[in-house]
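Working notes, beginning with the structure itself.
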Amino acid sequence: MHNRYTLTVHSEYLHVLLQPHFRFTPASAPDLHHDVAGTVQRHGLTRVLIEGDSPECQLGPVEVFNLGKQVADQLHHVAIAYCLRDYVPGIVHDDYGRPINKIEFFGNVVQNRGGVIGFFESVCEARQWLRLQQDYPLAS
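The numbering of the sequence shown is our numbering, which starts it at 570 and goes up by one.
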């Protein structure tokens, strides 16, 4: 158990539950994904479900890019489904000055570097995308 999120290892995947109003900051976002990478590596998992209610993104464009690069590098063999309910995406601008929401930008960075990532409105959709069958945690 971490202050801001809980990692639960299931037989098929890692479930990450963010506390309500989790803040993706320059410190918390890399720490979260580093913990996820270490956990999936230790347990030989290839699927992750990250869910939370009303998260906030306090990352600038460079930080979003760097986080996407980190996720793609550390979790290149892992499918990651994000279910972020009531998330209001912030806006960044691409190289041409066009607005793009931060989550879309993050997803593009991860995918352009070979990562497998999806964003979903419901846990059910995320679980289907991850092709999950079972829903019981493994004993510690």
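Quick reminder that beta carbons are idealized off the backbone N, C-alpha and C, glycines included.
Local conformation of residue i per DSSP, three classes
| i | result |
| --- | --- |
| E690 | coil |
| R696 | helix |
| F591 | coil |
| L701 | coil |
| L601 | helix |
| L583 | strand |
Whole-number beta carbon distance between residue j and residue i, since they are thought to touch under 8 Å
| i | j | result |
| --- | --- | --- |
| A641 | V679 | 5 Å |
| P624 | H590 | 7 Å |
| R592 | Q627 | 6 Å |
| L576 | D604 | 6 Å |
| L742 | Y582 | Shown here, the chain extends from 570 to 709; a query on residue 742 therefore has no answer. |
| A598 | L636 | 5 Å |
| V585 | V617 | 7 Å |
Cβ of residue i within 9 Å of any chain B Cβ
| i | result |
| --- | --- |
| V685 | You won't find chain B in this structure, because it holds only one protein chain. |
Limits of the unbroken beta strand (DSSP E) element including residue i
| i | result |
| --- | --- |
| A648 | A648 to R654 |
| V657 | No beta strand (DSSP E) contains V657, which DSSP labels as neither H nor E. |
| Y574 | Y574 to V578 |
Cα-Cα separation, residue i to residue j
| i | j | result |
| --- | --- | --- |
| R667 | A648 | 28 Å |
| R611 | E673 | 29 Å |
| P630 | W698 | 28 Å |
| H645 | A606 | 10 Å |
| D600 | Y665 | 31 Å |
| N572 | I660 | 27 Å |
| T594 | E632 | 9 Å |
| F634 | F675 | 6 Å |
| E620 | L701 | 15 Å |
| M570 | L587 | Bear in mind that a pLDDT of 46 at M570, under 50, signals an unreliable position, so the number given afterwards is only what the model happens to contain. For M570 and L587, the distance between alpha carbons rounds to 11 Å. |
Host alpha helix (DSSP H) of residue i (start-end)
| i | result |
| --- | --- |
| N670 | Careful: N670 lies outside any alpha helix (DSSP H), inside the beta strand (DSSP E) at P668 to N670. |
beta-carbon residue i near the ligand SAM non-hydrogen atom, thresh 8 Å
| i | result |
| --- | --- |
| I686 | You won't find the ligand SAM in this model; it holds no ligand whatsoever. |
Run through the stretch 603-634 for me and flag every whole beta strand (DSSP E) of 3 or more residues, listed as ranges in chain order. As far as the stretch 603-634 is concerned, its whole beta strand (DSSP E) runs of at least 3 residues are 616-622.
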